[in-house]
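K.L.:
Under full-length UniProt numbering, think of the first position of the sequence shown as 1, with each following residue one higher. For each residue, glycine too, the CB sits at the ideal point set by N, CA and C. Small disclaimer: the values here were computed from a predicted structure and weren't measured.
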Amino acid sequence: MAAFLDVQNLTKTFGTTTVVKGVSFAFDKGEFISLLGPSGCGKTTILRMIAGFENPTSGSIKVDGQDITGLKPNRRQLGMVFQAYALFPNLNVGDNIGFGLKIAGMGAEERRARVDEMLKLIGLPGYEKRYPYEMSGGQQQRVALARAIAPRPRMLLLDEPLSALDAKIRVSLREEIRAIQLDLSITTVFVTHDQEEALSISDRIVVMHAGNIEQLGAPYEIYNKPATRFVATFVGHLNTIEATIVDPATGRVDIDGQTVAVPTLPPTAAAGAPISLTLRPEVLSVGAREGNDITLTGTIADVTFLGSVIRLRVNLGRNILSLDTFNDQRTAPPSRGEPVTVSLASKDLLVL
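#1: Checking the sheet assignment: what are the DSSP bridge partners for Asn-315?
#2: Which same chain residues end up closer than 7 Å to Phe-326 when comparing Cβ atoms and leaving out the 5 residues on each side of it in sequence?
#3: Short check: CB of Val-314 to CB of Val-342, under 8 Å?
#4: Check whether the Cβ of Ile-68 lies closer than 8 Å to any Cβ atom in chain C.
#5: Measuring straight from C-alpha to C-alpha, what distance separates Ala-163 and Gly-317?
#6: Note the first and the last residue of the continuous beta strand (DSSP E) segment covering Met-106.
#7: Let me know the secondary structure DSSP gives Glu-282 once reduced to three states.
#8: With DSSP collapsed to three states, give me the class of Met-118.
#9: Is the beta carbon of Leu-35 within less than 7 Å of some heavy atom of the ligand FAD?
#10: Just verifying my parser: in three-state terms, what is the DSSP assignment at Pro-226?
#11: With a threshold of 8 Å, are at least 3 pairs of Cβ atoms found where one atom belongs to the stretch 89-104 and the other to the stretch 53-71?
#12: Just list the residues that DSSP pairs Leu-10 with in beta bridges.
#13: Let's test the definition: count the other Cβ atoms within 10 Å of the Cβ of Leu-306 and tell me whether it reaches 16, buried, or not, exposed.
#14: Could you check what DSSP says for Gly-217 in three-state terms: helix, strand or coil?
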């Protein structure tokens, strides 16, 4: 079956600078896709090319089998929600949501019924007479979402729609966006620089860096099996351990005077050569733990209380490891300077 959204060899050059470099990806109907990456990586430019606000230098974009690369934005049947709410300040909520319907020639009675349907969908029934200035940022963004969905677009494009909101509203609204997307089964492309947002609501994630795709996969794959050093360090918190190879044949390495065995070393590994190892904070344990075959000793460098989680920083020498442990009300966390033994499973170490 052909992909619903099919982007092939998409390139965009501004002057002498190429900001999107031959990007290709394909997604099925109804998927929630996140374009994730730092500022300037090309993710918003890709979204704008899909929307028709930017013309590709080369490449093609197909939606539901139709090549839309050269079509004007108003002929693509796509809904767009921007970072800024972009509501018409002189129109009330009902007229904002119904604006696209009116332009499309829908009758007043049918338009009113569709607006009521959208208000129920976004949890704001009875708000049709309010004006944008009378609403919170989260409510305004809900209205912008309803306006984009009202004309029944083939696909929904979201350009960092939550970045202007405070943290609590962001979390609740992203969950609502995902629920609405699932309810409508609408293919959605969501641009964000927030890894937590992308990991929490996406079916698949495209991790972008410097105009290229670093990795494409499900959130679980992106987080647990990063394909490149950039993905490993950009997505989630990561410990990087600088070690020295002791015996490449047995996989033994030296970490600040402590010798441990790692499962796989590169074929070019040589005794005495430096090597970088990485692991996530949550795979480390204080003390011994069943299944953990590596132990390291150090001292507590710092303790950070994060509510349900306590983050410890353990000083091994030149390496400092971050370790996450659950907050236990019955047990006080260790103090700075206190000696500590941590353990991990060698299979959780990633060699970079």
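P.N.:
To lay it out plainly:
#1: Position 315 of the sequence shown, counting from 1, holds the residue named residue 315. Answer by DSSP bridge pairing, in chain order: Thr-299, Ile-320.
#2: On the sequence shown, position 326 is the one that residue 326 refers to. In its chain, beyond the 5 residues on either side, Ser-308, Val-309 have a beta carbon closer than 7 Å to the beta carbon of Phe-326.
#3: The residue labelled residue 314 in the question sits at position 314 within the sequence shown. The residue labelled residue 342 in the question sits at position 342 within the sequence shown. In contact: Val-314 and Val-342 (Cβ atoms closer than 8 Å).
#4: The question asks about chain C, but that chain is absent: this structure has only one protein chain.
#5: For the purposes of this step, residue 163 is taken as residue 163 along the sequence shown, with counting starting at 1. For the purposes of this step, residue 317 is taken as residue 317 along the sequence shown, with counting starting at 1. This sequence places Ser at residue 163; Ala is not what is there. Roughly 39 Å between the two C-alpha positions.
#6: Mapped onto the sequence shown, residue 106 falls at position 106. Going by DSSP, Met-106 is part of no beta strand (DSSP E) at all; its letter is neither H nor E.
#7: If you number the sequence shown from 1, residue 282 lands on position 282. Helix at Glu-282.
#8: Start at 1 with the first residue of the sequence shown, and residue 118 comes out as number 118. In the three-state scheme derived from DSSP, where H, G and I count as helix and E and B as strand, Met-118 is classed as helix.
#9: Judged by which ligands are present, the structure shown has none, so any question about the ligand FAD falls away.
#10: As a first step, residue 226 is located in the sequence shown; it is residue number 226 there, counting from the start. Looking at Pro-226 - three-state DSSP - the assignment turns out to be coil, as it is neither helix nor strand.
#11: No, because fewer than three Cβ pairs between the stretch 89-104 and the stretch 53-71 fall closer than 8 Å, the two stretches do not touch.
#12: Residue 10 sits at position 10 when you count from the first residue of the sequence shown. Note: Leu-10 sits in a beta bridge opposite Val-23.
#13: To locate residue 306, count along the sequence shown from 1; it is residue 306. It is exposed - the Cβ of Leu-306 has fewer than 16 other Cβ atoms within 10 Å.
#14: What you label residue 217 is simply residue 217 of the sequence shown in a count that begins at 1. Strand, per DSSP.
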